[in-house]
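Residue numbers (full-length UniProt numbering), protein chains in the order written: chain Z, 1 to 123; chain S, 1 to 123.
Cβ atoms here follow ideal geometry from the backbone N, Cα and C, with glycine treated the same way.
All figures in this text were calculated on a predicted structure; none of them were measured in a lab.
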DNA sequence: ATCTATTGATTACATATGTAATTCTTTGAG
DNA sequence: CTCAAAGAATTACATATGTAATCAATAGAT
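This is the structure in structure tokens:
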């Protein structure tokens, strides 16, 4: 699996939102949110390319970058390994933590409920 | 918040399971699960101490280590920051990923259901 | 009293990560 | 055709992490 660092993940997220994008566009997006130097972002694009987390096609003198890993796939694997590490693979205790901290809005609860209803249907 | 690395987390887990424990005991526990050198584990105990993730009391020539951060607290904060980073703070999509992958057992679903029932009661 | 085994402390070294600066290439301006 | 601006590639450097080895202190054996 592709290992993406914390900072690199933000770059991925920009590309997941919309792709392909030029380095210039990516830099512009990220600088609205973070205080990162353009050079820093270029480095991350480079490392992500090496890790094969993103790809590019040449567009004249510059590149157009795209994710090589879908957000879905990444979220899925990261979630699983996280829950594995912290909760021995059980997702319920994690949800319980959110519940305890009052981090679940009414709509969250509704969504969870309908998700579960769907799961029960399947059986 | 205390930042604990991947490998260090395994040491924490041994201490969360039971504490206080001597380095010797901790090493024994971890070596059943991992192929780590005793020196490696000592290093991690040292780093965790510096990070104030664990504490110790002298017991003759050796130390007895204990967690300085509860498992609850750690799980809570790590879960929140994880869900924040990957799912913009929403826990439901994470659960949905587990569901899709068939990672939810019947008992998981039951637990989630009763958890939600409890939440709805509160309102 | 001296020596050795044990335990913690310090040092080591490679790779990863955050954060850039510098260099190399290429293309458009003049 | 020449040169400077712009983009990518390479290099840099500090801290974190994985993985130990070495050093130092001390308690128990002889």
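Subject >> As assigned by DSSP and simplified to three states, the class of residue 104 of chain Z >> reply: Taking the first chain and counting its residues from 1, one reaches residue 104 of chain Z at position 104. Coil.
Original post:
Between which two residues does the beta strand (DSSP E) carrying residue 59 of chain S extend?
Top reply: As a working note, residue 59 of chain S is residue 59 in the second chain. Taken as a continuous stretch (DSSP letters only), the beta strand (DSSP E) holding residue 59 of chain S covers 54-59.
Original post:
Under the rule that 16 or more other beta-carbon atoms within 10 Å means buried, what is residue 44 of chain S, buried or exposed?
Top reply: Walking along the second chain from the start, residue 44 of chain S turns up at place 44. By the Cβ-count criterion, residue 44 of chain S is buried, with 16 or more other Cβ atoms from all chains shown falling within 10 Å of its own Cβ.
Subject >> Alpha-carbon to alpha-carbon, residue 53 of chain Z and residue 19 of chain Z >> reply: Residue mapping note: residue 19 of chain Z aligns to position 19 of the first chain, counting from 1. Residue mapping note: residue 53 of chain Z aligns to position 53 of the first chain, counting from 1. Roughly 13 Å between the two C-alpha positions.
Original post:
Residues of chain Z with a CB under 7 Å from the CB of residue 78 of chain S: which are they?
Top reply: As a working mapping, residue 78 of chain S is identified with position 78 in the second chain. When 7 Å is used as the limit between beta carbons, residue 78 of chain S is near these residues of chain Z: 86, in chain order.
Original post:
Less than 8 Å separating the beta-carbons of residue 72 of chain S and residue 1 of chain S?
Top reply: In the second chain, counting from the first residue as 1, residue 72 of chain S sits at position 72. In the second chain, counting from the first residue as 1, residue 1 of chain S sits at position 1. No, the Cβ-Cβ distance between residue 72 of chain S and residue 1 of chain S is not below 8 Å.
**OP:** Verify the CB distance criterion: does residue 11 of chain Z have a CB-CB separation below 8 Å to chain S?
**Re:** As a first step, residue 11 of chain Z is located in the first chain; it is residue number 11 there, counting from the start. So, not an interface residue.
**OP:** Could you work out which residue in Z:115, Z:117, Z:100 and Z:90 is closest to residue 105 of chain S when comparing CA atoms only?
**Re:** As a first step, residue 105 of chain S must be located in the second chain, where it is residue number 105. Comparing Cα-Cα distances from residue 105 of chain S to each of Z:115, Z:117, Z:100 and Z:90, the minimum goes to Z:90.
Subject >> Cβ contact (3+ pairs, closer than 8 Å) linking the segment 57-65 of chain Z and the segment 14-30 of chain Z >> reply: The segment 57-65 of chain Z, when compared against the segment 14-30 of chain Z, does touch it at the 8 Å Cβ threshold.
**OP:** Have a look at residue 39 of chain Z and residue 50 of chain S and give me their C-alpha separation to the nearest angstrom.
**Re:** Here the question's residue 39 of chain Z lines up with position 39 in the first chain. Here the question's residue 50 of chain S lines up with position 50 in the second chain. Approximately 33 Å, taken between the alpha carbons.
**OP:** Compile a chain-ordered list of the residues in the segment 99-111 of chain S whose CB is closer than 8 Å to at least one CB of chain Z.
**Re:** Listed by position along the chain: 99, 100, 101, 103, 104, 106, 108, 109 and 111.
Subject >> beta strand (DSSP E) segment containing residue 62 of chain S, residue limits >> reply: For the purposes of this step, residue 62 of chain S is identified with residue 62 of the second chain, where counting begins at 1. 62-67 is the extent of the beta strand (DSSP E) around residue 62 of chain S.
Original post:
residue 22 of chain Z by DSSP, collapsed to three states: which one?
Top reply: Numbered from its first residue, the first chain carries residue 22 of chain Z at position 22. Assigned with DSSP and collapsed to three states, residue 22 of chain Z falls in strand.
Subject >> From S:81, S:36, S:25 and S:28, residue whose alpha carbon lies closest to that of residue 7 of chain S >> reply: Position 7 of the second chain, counted from the start, is the residue given in the question as residue 7 of chain S. Just measuring C-alpha positions, the residue of S:81, S:36, S:25 and S:28 sitting nearest residue 7 of chain S is S:36.
**OP:** For the segment 10-42 of chain S, enumerate the residues whose C-beta is nearer than 7 Å to any C-beta of chain Z, in chain order.
**Re:** Look at the segment 10-42 of chain S: it has no residue with a C-beta under 7 Å from a C-beta of chain Z.
Original post:
Excluding sequence positions up to five away, which residues of its chain have a Cβ less than 6 Å from the Cβ of residue 69 of chain Z?
Top reply: As a position in the first chain, residue 69 of chain Z is number 69, starting the count at 1. Taking C-beta separations shorter than 6 Å and ignoring five residues to either side along the sequence, the partners of residue 69 of chain Z in its chain run 2 and 53, following chain order.
Subject >> 7 Å Cβ shell around residue 16 of chain Z - same chain, five flanking residues per side excluded >> reply: Working through the first chain from its first residue, we reach residue 16 of chain Z at position 16. Hits under 7 Å: 67 and 71.
Subject >> Alpha-carbon spacing of residue 10 of chain S relative to residue 59 of chain Z, whole angstroms >> reply: On the second chain, residue 10 of chain S is found 10 positions in, with the first residue counted as 1. On the first chain, residue 59 of chain Z is found 59 positions in, with the first residue counted as 1. C-alpha separation (whole angstroms): 47 Å.
Original post:
Assuming residue 99 of chain S and residue 112 of chain Z make a contact with CB atoms under 8 Å, what is their CB distance in whole Å?
Top reply: Reading the second chain from its first residue, position 99 is the one you call residue 99 of chain S. Reading the first chain from its first residue, position 112 is the one you call residue 112 of chain Z. About 10 Å separates the beta carbons of residue 99 of chain S and residue 112 of chain Z, which is beyond the 8 Å limit, so they are not a contact pair.
Original post:
What residues from chain Z crowd round residue 174 of chain S, counting only those whose CB sits closer than 8 Å?
Top reply: Chain S is shown only over 1 to 123; residue 174 of chain S falls outside these bounds and no answer can be derived.
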